[in-house]
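Quick note: the sequence shown uses numbering that gives the first Met the number 0, first residue 0, plus one each step. Each residue gets a CB set at the ideal place from its N, CA and C atoms; glycine is no exception. From a predicted model like this one, the values you see are computed outputs, not experimental measurements.
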Amino acid sequence: MKFFPSSIQNYLVATMACLCVPGIGALGYMAYQSIVDVRTNMELAELVEADKALLLAGNAIRTARGQAQTSIQVADDPAATLKQIEDSNRTRIADAVAQLDETGLPGRKELIAGILQQQKLTEARMADLYAEASKPKAQRSLAATMPWYNGIGAIEAAIVKASDETSNAARLADPILADLQGFKSAGWDVRSNYGTQCSVLRPVFGSGKALEPAQIRRLGELRGVSNTSGETLKQLASRPGVGSELARNVGVMSAEVEASNRKMDELIGKLGQGAGPVIAAEEWTKQCNGPFTAIVSAVTQSLDDMVVRTDKKLSAAWIKLGIVAALLATLLAICVMSLRGVQRRIARPLVSLKLALDEMQQGNFAKAIPAAPSPDEIGALSGALEIYRENALALEQNRRDRELAMLADAEQAAHVQKLLGEVATIVADAREGNFSGKAQVGGMEGPLKELVEGINEINAVVDGATTEFAEILQGIAGGDLTNRV
C-alpha cells in the first residue's frame, strides 16, 4: 500500500518520524517516570522530616510537662518557668504542624486540626497552673495540674497519630524505610511507656506511701511494654545492613533504660517504710530524664537514616532524570539534524533534479542542473545529468552546424548550377557568333572560378577582335583604307 505515492519528500519525512517517534516516546515516558520518582522521593523526604519534627515536638512537650510539675513542687516562683514552657510548647507545635502541612499526606488537614484543637483546650488549662504556682509552696498540689498534664498527653497522642500516618505513608513507599520506621516505632514505645512510669511514680515517691494494687498493675503493664519494645530494638539493631551509629545508639539507650529501671525498682522498694518523699522532686525528674536523651537519640538516628535514604533515592532520581533528559535532548537534536540533513542532502536535491528533468523533457536544456550539496550518490547523479545536458547541448549545436553546412552546400550547388547555366548560354551564343556574354563568378572559388574567368577572357578577346574587324571592314566598305588591324 502506497501512503506517499507522489512525493518522496513526504515519504522521507514519514520515515524519519517512524524512526524518531518511538525513541522519543520511550525516552519521554522514561523522563515522565523519572519526574514521578523525583516527586515521590521529595514527598518521602518531606514526610520523614515532618515525622521527625512531630516526634521531637511530642518529646519536648512531654519532657516539659514533667519540668512544669517539678517547678510547681520546688520553685519559689515557678511562673517564669511555666511561661517559658508555654511559649516553647507553642513554638514547637507550630513548627511541627507547619512541616506536616507542607507534605502531601492525605488527611493532614484533619490531623492538624486535631492537634490544634487539643492545644487550644490545653492552653485554656494553663490558668490552673498559674493559679497553683501563685500559692505558697507548701499549699501547692499536683492534683490541680492534672487537667493540664492530661491535656499535654492528649496533644502528644494527636501528634503521635499524625506521626503514625506519616510513617505509614513512608513505609508503604520503601521497604528500607519500613525497617527504619520499625526502629522509630519501637523506640517511641520505649520512651512513652518509660516516661509514663515516671509520671505514675512522681506523686507516690513524693508521698512515700506504698503502691496500690492498681498502681502496681499499671507499672507492670508499662514496664512490660517498655521492655518488649527494647528487645525489639535490640533484634532490629542486630540485623545485617543496620547503620553502626544507629546500632550503637540502641545499645546506649538499652543500657541507660535498664539502669534507670533498676534505680526505679530500688526506690519502689523504699515505699511504705516511712512518711515523706523517698527522693526529691528535682532528683526524680533528673533521674527520669536521664535515659530520654539516649532514647531520643536512637529514635532521631533512625529518622536521620531515613533522611539519608530518601536523600540518596532523591539524588539517584535526579541523576536518572538528568540522564534521561540529556538522552531525550540528544535524540531530539539528532532527529532534527537528521531531518534537516535528509531535506538538504536528499529531498531538496531530488526535487531540484525532478524540476530540471521536467524542463529537459520539454526540450529546454539551457537551465543547468543544480549542484548537489555533497559528493554522494545524489551528487554523482546530478553530475551525470549535467554531463548529459551538456552533451545534449553539444549534439544540438552539432546538428545546427550540420544544417548550416548543408544549407551552404545547397546554396553553393545552386550557384554552381546557375554559373554553369550562364556558361552554357555564353557557349551557345559563341556558336552563334555572339561573344559578348559574360558569366558572374560571385563568391565562387577554385577551378570553376578559373574556368569561368578564362571563358570570360576568351569571350572578351574574341569579342574585341571581331568588333575591331567589323569596324575596319565597315571603313573599307566606305572607302576608308586608313584603319589598321
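Out of the options, which one is the CA nearest neighbour of residue i?
i: Leu-18; options: Cys-334, Trp-317, Gln-214; result: Cys-334
i: Val-96; options: Leu-110, Gly-229, Ala-67; result: Leu-110
i: Pro-174; options: Ala-379, Lys-353, Glu-467, Lys-312; result: Lys-312
i: Gln-98; options: Gln-138, Phe-364, Thr-165; result: Thr-165
i: Leu-46; options: Arg-308, Ala-258, Asp-75; result: Arg-308
i: Val-426; options: Asp-86, Ser-381, Val-461; result: Val-461
i: Ile-215; options: Thr-227, Leu-200, Ser-225; result: Leu-200
i: Thr-227; options: Ser-253, Gly-321, Thr-14; result: Ser-253
i: Ile-386; options: Asp-400, Met-405, Thr-292, Met-359; result: Met-359
i: Met-29; options: Thr-231, Ala-325, Gln-396, Leu-354; result: Ala-325
i: Gln-68; options: His-414, Arg-343, Ala-280, Leu-54; result: Ala-280
i: Gly-379; options: Gln-361, Ile-345, Ile-475; result: According to the sequence as given, residue 379 is Ala; it is not Gly. Measuring from the Cα of Ala-379, the nearest candidate turns out to be Ile-345.
i: Ala-49; options: Gly-152, Ala-16, Gly-103, Glu-220; result: Gly-103
i: Arg-388; options: His-414, Gln-361, Ala-153, Val-350; result: Gln-361
i: Glu-449; options: Leu-245, Gly-275, Val-422, Leu-320; result: Val-422
i: Ala-293; options: Ala-365, Arg-190, Asp-357, Asp-100; result: Arg-190
i: Gly-194; options: Gly-453, Arg-61, Ile-267; result: Arg-61
i: Thr-80; options: Ala-93, Leu-352, Ala-476, Ala-132; result: Ala-132
i: Trp-317; options: Arg-38, Arg-91, Lys-417; result: Arg-38
To the nearest angstrom, report how far apart residue i and residue j are at their CA atoms.
i: Asn-192; j: Ala-56; result: 17 Å
i: Pro-4; j: Ser-337; result: With a pLDDT of only 49 at Pro-4, under the threshold of 50, the placement of this residue in the model should not be trusted; the figure read from the coordinates follows. Cα-Cα distance, rounded: 22 Å.
i: Gly-420; j: Glu-402; result: 27 Å
i: Asp-188; j: Arg-222; result: 11 Å
i: Pro-486; j: Ala-393; result: Nothing can be reported for residue 486, as the shown portion of the chain is limited to 0 through 484.
i: Ala-52; j: Leu-210; result: 37 Å
i: Asn-167; j: Leu-176; result: 10 Å
i: Thr-284; j: Gly-205; result: 12 Å
i: Thr-466; j: Ala-409; result: 40 Å
i: Asn-40; j: Gln-118; result: 31 Å
i: Asn-88; j: Leu-128; result: 15 Å
i: Ser-296; j: Arg-247; result: 10 Å
i: Thr-299; j: Lys-183; result: 8 Å
i: Leu-54; j: Val-203; result: 28 Å
i: Thr-152; j: Arg-238; result: For the sequence presented, residue 152 should be read as Gly rather than Thr. Whole-angstrom Cα-Cα distance: 34 Å.
i: Ala-370; j: Val-341; result: 16 Å
i: Lys-82; j: Leu-327; result: 59 Å
i: Ala-161; j: Arg-170; result: 14 Å
i: Asp-75; j: Arg-139; result: 11 Å
i: Gln-272; j: Asn-149; result: 30 Å
i: Gln-416; j: Pro-446; result: 15 Å
i: Trp-147; j: Val-241; result: 40 Å
i: Met-0; j: Val-12; result: Confidence in Met-0 is poor, its pLDDT being 46 and thus under 50, which makes the residue's placement unreliable; the coordinate value appears in the next sentence. Cα to Cα, the separation comes out at about 17 Å.
With a cut-off of 8 Å on the beta carbons, I'd call residue i and residue j a contact; round off their distance for me.
i: Asp-304; j: Leu-179; result: 5 Å
i: Ile-84; j: Gln-72; result: Not a contact, Cβ separation roughly 14 Å.
i: Ile-23; j: Leu-330; result: 6 Å
i: Val-251; j: Gly-229; result: The Cβ separation is near 12 Å, so there is no contact.
i: Leu-218; j: Gln-196; result: 6 Å
i: Val-277; j: Gly-207; result: 5 Å
i: Ala-172; j: Leu-43; result: 6 Å
i: Leu-232; j: Ala-185; result: 5 Å
Quick check: is any heavy atom of the ligand HEM less than 7 Å from the C-beta of residue i?
i: Asn-58; result: Summarising the ligand content, the structure contains no ligands, and the ligand HEM is consequently not present.
Return no unless some Cβ of chain D is closer than 8 Å to the Cβ of residue i.
i: Trp-283; result: Absent from the structure is chain D; it holds one protein chain and no more.
4-residue-minimum alpha helix (DSSP H) runs that sit fully inside the stretch 55–131, ordered along the chain: Taken in chain order, the complete alpha helix (DSSP H) segments of 4 or more residues contained in the stretch 55–131 are 78–100, 107–123.
Could I get the ranges of all uninterrupted alpha helix (DSSP H) runs contained in the stretch 207–275, with 4 residues as the minimum, in chain order? 212–236, 243–268
Could I get the ranges of all uninterrupted alpha helix (DSSP H) runs contained in the stretch 320–407, with 4 residues as the minimum, in chain order? 347–360
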